[in-house]
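Residue numbers (our numbering): 23 to 724.
Have a look at the structure below, then the notes.
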């Protein structure tokens, strides 16, 4: 069968009701074939048209559900960075669906497996029968009145979760739907999110990803999904309804259901590298289509890749076609899949124009001017593993950042570590030192204590050391440093005193997170005491180590109740989610400042005391009448005023309620030492309040 000339755009496979147009970019190829798979086997069709390096052709009679791939001809000269091998069936970079899992065999490698010359050899075995295929889809879907929720960031509470791990053990989700897009859209899953007060889910990678061969051979799997291979295709294994395009519809149904519940969908995207790995990795797509276009290679030795990610390769974001692929992918997920934003994994890699991180790189310029993408939530993981890659605070306007400094500071504070009180103050109030100079607001700071990468909250207060033995790397992987206080007892215990102390520390972390300015992010399962048994790098544990356990014991239910009340408290009071920075001065002529810091004796902090080591105990007055944040109709926002009493000391501290116009009477609203707090407990100005060891009290002015 011959292909008609077709069109060079759009890239990928496009069905028009009568046939399919195929278009593939390859600057250095000599020839390209599209391979169609049906009951009769494989049909190879040459794409003879080449328009500005785009090979294209139209095949009449094909439709949705058609499985296909490409074979790309050209020189195999690894020393020059050229790795064409037409024996390897290649996935379409613009595929919108992939038929099933990508589980690697030796035929997927472009060189002879086990050859002493490694990748310099050429493998002639055909991978077409073994590797998975792309699928032509019908992208139509009835969205009804679904539209972007556009919830303001200052009103946002993010819940980082995993499509499979969140519901795979959920008893309220029907078994066939557990661990799928449909499972996350099920009323039982959504009810939990709503009762928590979550406004946005941040899904760990949902782009089609690869299970690396070394994990498969060890009996492990790529659970986290940070090895993408197709940036427009939802991961097929999370579909309960099929993988011939049904996964696309199921993903859309999930987004629609979450939107109907008022919950936004943010997806974790990995545009810094692919699952093809280093020069010894498989040839699945980009490597065989045009290695020099898609990857950063060493100029002095193009056989090898520049690796800023620790995964073996880095996408060549300097190339216009790679930038186009990323932008087309992002717009597709917003316009066609209706997602509300993105969290960019190792985002510093995207900023590297040449070698150093360039804050004004082309990628950020393009995002900034794009009429679609400039309007969604943009969150950076502001670091990579290359030199100079730690860029917290250095991303441009429009961007929020995972604030790693917030995480480290709050962990240090609650373990009683040494540090300057000013550091705590900056982090608690939104990190103005990082974000205000660039014109950003407190919402630039995505605050978190735990995330998928590291200990869960329960394990943070329960383990001195990581326990990653199940990963098969002799416990060498993962961060060695647990910056928390774990009561001096390692791992599980039946000691009621230790269990109570751990429960209090969890409440301390959660209260600090929800009372801080900025955007709080909660890791799934932390609200019910999820444990990974000390594994702080469970990337390869697609099993009970990582999955959320919904078999809740009394202490889990108690923690869940605390988190629900805490998040409802935050939602009720705008003083904890201001749009603008604290000024430390009166702004409406009342004479009472918007924030004041007190010592336990009831006196204000002096300038000299800010430079001292971490004060283990501090009082914070928040003036609810001094919020410079009009609501969406321009009305002045007024709230209650609060006195927050923090004590990270190992002994109780008596705090004196400040005198001098801050408030005459105060009522207890929250106490991490006693949950729920003693009802109706009140104090007058000048009286002492005992704050127990390692605890927080929140008092409301009457």
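The C-beta atom is built at its ideal place from N, Cα and C for all residues, glycine as well.
DSSP state of residue i mapped onto helix, strand, coil
i, result
"residue 129", "helix"
"residue 423", "strand"
"residue 316", "helix"
"residue 493", "helix"
"residue 585", "helix"
"residue 673", "coil"
"residue 571", "coil"
"residue 29", "coil"
"residue 179", "coil"
"residue 290", "strand"
"residue 232", "coil"
"residue 73", "strand"
"residue 185", "helix"
"residue 726", "Because the chain spans 23 through 724 in this model, residue 726 falls outside it and cannot be assessed."
"residue 49", "coil"
"residue 78", "strand"
"residue 350", "helix"
"residue 68", "strand"
"residue 389", "helix"
Cβ distance (whole Å) where residue i is taken to contact residue j below 8 Å
i, j, result
"residue 414", "residue 456", "6 Å"
"residue 603", "residue 717", "Not quite, the Cβ-Cβ distance comes to about 28 Å (not below 8 Å), so this is no contact."
"residue 251", "residue 112", "Contact doesn't hold; Cβ gap of about 10 Å is too wide."
"residue 30", "residue 88", "The Cβ separation is near 20 Å, so there is no contact."
"residue 691", "residue 721", "7 Å"
"residue 618", "residue 643", "4 Å"
"residue 28", "residue 84", "So it is not a contact: roughly 12 Å between Cβ atoms."
"residue 328", "residue 318", "4 Å"
"residue 283", "residue 118", "That belief does not hold up - the Cβ atoms of residue 283 and residue 118 are roughly 26 Å apart, past 8 Å."
"residue 108", "residue 37", "That pair is no contact at about 26 Å."
"residue 465", "residue 175", "4 Å"
Cut-off 8 Å between Cβ atoms - residues of its own chain near residue i, not counting five sequence neighbours on either side
i, result
"residue 546", "181, 182, 183, 184, 187, 188, 552, 570"
"residue 396", "389, 390, 420"
"residue 242", "493, 494, 562, 563, 564"
"residue 595", "646, 661, 662, 664"
"residue 51", "77, 94, 95, 96, 106, 311, 312"
"residue 477", "485, 488, 504, 506, 554, 556, 558"
"residue 320", "326, 327, 328"
"residue 211", "188, 189, 192, 194, 195, 205"
Chain-order list of residues whose beta-carbon lies under 7 Å from that of residue i (same chain, five-residue window excluded)
i, result
"residue 578", "550, 551"
"residue 127", "152"
"residue 659", "596, 649, 651, 652, 653"
Pick from the options that is closest to residue i, judged by C-alpha positions
i, options, result
"residue 229", "216, 701, 296", "296"
"residue 152", "121, 528, 690, 314", "121"
"residue 138", "302, 512, 57, 643", "302"
"residue 532", "557, 469, 489", "469"
"residue 528", "335, 683, 433", "433"
"residue 353", "146, 253, 450, 315", "253"
"residue 688", "709, 26, 695", "709"
"residue 79", "47, 542, 392, 499", "47"
"residue 194", "43, 148, 214, 203", "214"
"residue 681", "675, 49, 707", "707"
"residue 416", "403, 218, 408", "403"
"residue 449", "473, 461, 424", "424"
"residue 148", "57, 140, 162", "57"
"residue 586", "703, 179, 652, 651", "179"
"residue 405", "294, 357, 308", "294"
"residue 158", "23, 244, 35", "35"
"residue 500", "474, 685, 347, 177", "474"
"residue 539", "490, 600, 497", "600"
Sequence-distant residues of its chain with Cβ nearer than 6 Å to residue i (five each side left out)
i, result
"residue 33", "45, 116"
"residue 123", "259"
"residue 427", "414"
"residue 232", "124, 249, 251, 297"
"residue 263", "272"
"residue 129", "147, 149, 152"
"residue 598", "537, 592"
"residue 392", "none"
Segment contact, 8 Å Cβ cut-off, at least three pairs: the stretch 277 to 291 with the stretch 351 to 365: The stretch 277 to 291, when compared against the stretch 351 to 365, does touch it at the 8 Å Cβ threshold.
Touch test, the stretch 200 to 207 against the stretch 509 to 527, Cβ-Cβ under 8 Å, three pairs minimum: no
Three-pair Cβ contact test at 8 Å for the stretch 58 to 76 versus the stretch 101 to 110: no
The stretch 623 to 632 contacting the stretch 585 to 593, beta-carbon criterion three pairs below 8 Å: no
Three or more C-beta pairs below 8 Å linking the stretch 325 to 333 and the stretch 258 to 275: no
Sufficient close CB pairs (3 or more, under 8 Å) joining the stretch 264 to 279 to the stretch 153 to 166: yes
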